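Undergrad: Going by the working numbering, the sequence shown opens with residue 121, and the numbers climb by one from there.
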Amino acid sequence: MAAAELGGLAGSPRVILILSGKGGVGKSTVSAELALALRHAGKKVGLLDVDLCGPSIPRMLQVQGQPVHQCDGGWLPVYVDLEQRLSLMSVGFLLERPDEAVVWRGPKKNALIKQFVRDVAWGPLDFLLVDTPPGTSDEHMAAVEALRPYSPLGALVVTTPQAVSVGDVQRELTFCKKMGLRVLGVVENMSGFVCPHCTECTNVFSQGGGEELARHAGVPFLGAVPLDPQLSRSLEEGGNFLQELPQSPAVLALLSIAHQILDQMPAACP
Numbered sequence: 121m122a123a124a125e126l127g128g129l130a131g132s133p134r135v136i137l138i139l140s141g142k143g144g145v146g147k148s149t150v151s152a153e154l155a156l157a158l159r160h161a162g163k164k165v166g167l168l169d170v171d172l173c174g175p176s177i178p179r180m181l182q183v184q185g186q187p188v189h190q191c192d193g194g195w196l197p198v199y200v201d202l203e204q205r206l207s208l209m210s211v212g213f214l215l216e217r218p219d220e221a222v223v224w225r226g227p228k229k230n231a232l233i234k235q236f237v238r239d240v241a242w243g244p245l246d247f248l249l250v251d252t253p254p255g256t257s258d259e260h261m262a263a264v265e266a267l268r269p270y271s272p273l274g275a276l277v278v279t280t281p282q283a284v285s286v287g288d289v290q291r292e293l294t295f296c297k298k299m300g301l302r303v304l305g306v307v308e309n310m311s312g313f314v315c316p317h318c319t320e321c322t323n324v325f326s327q328g329g330g331e332e333l334a335r336h337a338g339v340p341f342l343g344a345v346p347l348d349p350q351l352s353r354s355l356e357e358g359g360n361f362l363q364e365l366p367q368s369p370a371v372l373a374l375l376s377i378a379h380q381i382l383d384q385m386p387a388a389c390p
């Protein structure tokens, strides 16, 4: 199928859905951080926020309240950087107020997700990361259906070390299998706490749940990302944590995850 027939996505981007079995595991944070890490690796990245009821990424990337403009190809995404190597589209840009609740039924949500894929002038991308809501719902199926023409279509599953989160992720892996999504790997988020004074990492929660889940499921374990207050502060303030905190265990883990994803998709990433 020609790129023009596929809508606003040009070329052959690698599409990755970021999934989690439950809320509160830091899926959107990982999505934003991974997008920045892939851009740092020299890739052109689009970030599509289809968490319609909780669009938090515009605030994370310091572009909340930016207007969405029209062009001949449809809506222009909001660019996060001057080089225009990281672009974002989110329902958060379409709300009159940041705290406005999105109270929509499934068909309206599904239509907007399809419109984000079809009518946003993403331009040529190396990667399109899709931040999805927690669980498995209409929004997930709408995103998969709209993006199915793009190949390969993969999934990255985010969990935390606790057993309850790991159990929810097992259902997410079943969803991937039913939808024919290739699971690129599991990321364990909030895997310990990095002391801002001595950088020692302490396991606040249980340890190793994500790695064990990946082993049982037969999918790659891409790494464990600890909580780092300095990284969180840098992200909230719009700083460049990849340059500011090069030795942070969390930053090193994110860079490792990004490079493992690049290694899995060499054809798309020369």
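Glycine is no exception: its CB is placed at the ideal position from the N, C-alpha and C atoms. None of the values given here were measured: they were computed from a predicted structure.
Expressed to the nearest angstrom, what Euclidean distance is found between the alpha-carbon atoms of residue 288 and residue 336?
TA: Walking along the sequence shown from the start, residue 288 turns up at place 168. Walking along the sequence shown from the start, residue 336 turns up at place 216. Taking the straight line joining both Cα atoms gives about 14 Å.
Undergrad: To the nearest angstrom, report how far apart residue 291 and residue 302 are at their CA atoms.
TA: If you number the sequence shown from 1, residue 291 lands on position 171. If you number the sequence shown from 1, residue 302 lands on position 182. Between residue 291 and residue 302, the C-alpha separation is close to 15 Å.
Undergrad: Between residue 225 and the ligand COA, is there a pair consisting of the residue's CB and a ligand heavy atom that are separated by less than 7 Å?
TA: What this structure holds is no ligand at all, so the ligand COA is not there to describe.
Undergrad: How do the region 153 to 173 and the region 245 to 254 stand: do at least 3 beta-carbon pairs fall below 8 Å, yes or no?
TA: Short answer: they touch.
Undergrad: Could you check the C-alpha separation between residue 126 and residue 206 for me, to the nearest Å?
TA: The residue given as residue 126 occupies position 6 in the sequence shown. The residue given as residue 206 occupies position 86 in the sequence shown. Below a pLDDT of 50, predicted positions are generally treated as unreliable, and residue 126, at 43, falls in that range; the measurement from the model is reported next regardless. The straight-line gap from Cα to Cα measures roughly 21 Å.
Undergrad: Considering just the uninterrupted stretch of the alpha helix (DSSP H) at residue 261, what are its terminal residues?
TA: For the purposes of this step, residue 261 is taken as residue 141 along the sequence shown, with counting starting at 1. 258 to 267 is the span of the alpha helix (DSSP H), which, as asked, contains residue 261.
Undergrad: If you draw a straight line from the C-alpha of residue 380 to the C-alpha of residue 136, how long is it?
TA: For the purposes of this step, residue 380 is taken as the residue at position 260 of the sequence shown. For the purposes of this step, residue 136 is taken as the residue at position 16 of the sequence shown. If I take the Cα positions, the gap works out to 13 Å.
Undergrad: Does the Cβ of residue 144 have 16 or more other Cβ atoms within 10 Å, making it buried, or fewer, making it exposed?
TA: Counting from 1 along the sequence shown, the entry for residue 144 is found at position 24. It counts as exposed.
Undergrad: For the candidate residues 141, 140, 147, 385, whose alpha-carbon lies nearest to that of residue 273?
TA: In the sequence shown, the residue the question calls residue 273 occupies position 153. It is 385.
Undergrad: How many Å lie between residue 388 and residue 150 at the Cα?
TA: Here residue 388 refers to the residue found at position 268 when the sequence shown is read from its first residue. Here residue 150 refers to the residue found at position 30 when the sequence shown is read from its first residue. At residue 388 the pLDDT is 41, less than 50, meaning the model places this residue with poor confidence; the figure from the coordinates comes in the next sentence. If I take the Cα positions, the gap works out to 22 Å.
Undergrad: At 3 residues or longer, and completely inside the region 136 to 191: list those beta strand (DSSP E) runs for me, N to C.
TA: Entirely contained in the region 136 to 191, the beta strand (DSSP E) runs reaching 3 residues are, in chain order, 165 to 169.
Undergrad: From 268, 239, 275, pick the residue whose C-alpha is nearest to that of residue 251; which is it?
TA: Against the sequence shown, residue 251 aligns to sequence position 131. Measuring from the Cα of residue 251, the nearest candidate turns out to be 275.
Undergrad: Residue 278 and residue 146 look like a contact to me (Cβ under 8 Å); what is the Cβ gap, rounded to whole Å?
TA: In the sequence shown, the residue the question calls residue 278 occupies position 158. In the sequence shown, the residue the question calls residue 146 occupies position 26. Right, their Cβ atoms sit about 7 Å apart.
Undergrad: Counting Cβ pairs closer than 8 Å, one from the region 178 to 186 and one from the region 224 to 236, do we hit at least three?
TA: No: fewer than three Cβ pairs fall under 8 Å.
Undergrad: Can you tell me where the alpha helix (DSSP H) holding residue 368 begins and where it ends?
TA: To locate residue 368, count along the sequence shown from 1; it is residue 248. From DSSP, residue 368 is part of no alpha helix (DSSP H); its letter is neither H nor E.
Undergrad: Can the beta-carbon of residue 339 be found closer than 8 Å to that of residue 374?
TA: Position 219 of the sequence shown holds residue 339. Position 254 of the sequence shown holds residue 374. Not a contact, by the Cβ cut-off of 8 Å.
Undergrad: Using CA atoms only, rank isn't needed, just tell me which of 234, 174, 155 is closest to residue 204.
TA: In the sequence shown, counting from the first residue as 1, residue 204 sits at position 84. With distances taken between Cα atoms, residue 204 lies closest to 155.
Undergrad: Taking Cβ positions, are residue 169 and residue 212 nearer each other than 8 Å?
TA: To locate residue 169, count along the sequence shown from 1; it is residue 49. To locate residue 212, count along the sequence shown from 1; it is residue 92. Contact: yes.
Undergrad: Would DSSP call residue 310 helix, strand or coil?
TA: Here the question's residue 310 lines up with position 190 in the sequence shown. In this structure, residue 310 counts as strand in the three-state DSSP scheme.
Undergrad: Leaving out the 5 sequence neighbours to the left and right, which residues in its chain are closer than 6 Å to residue 132 when beta-carbon positions are compared?
TA: The count along the sequence shown starts at 1 and reaches residue 132 at position 12. If we look at residue 132 and ignore the five residues flanking it on each side, it has no Cβ neighbours.
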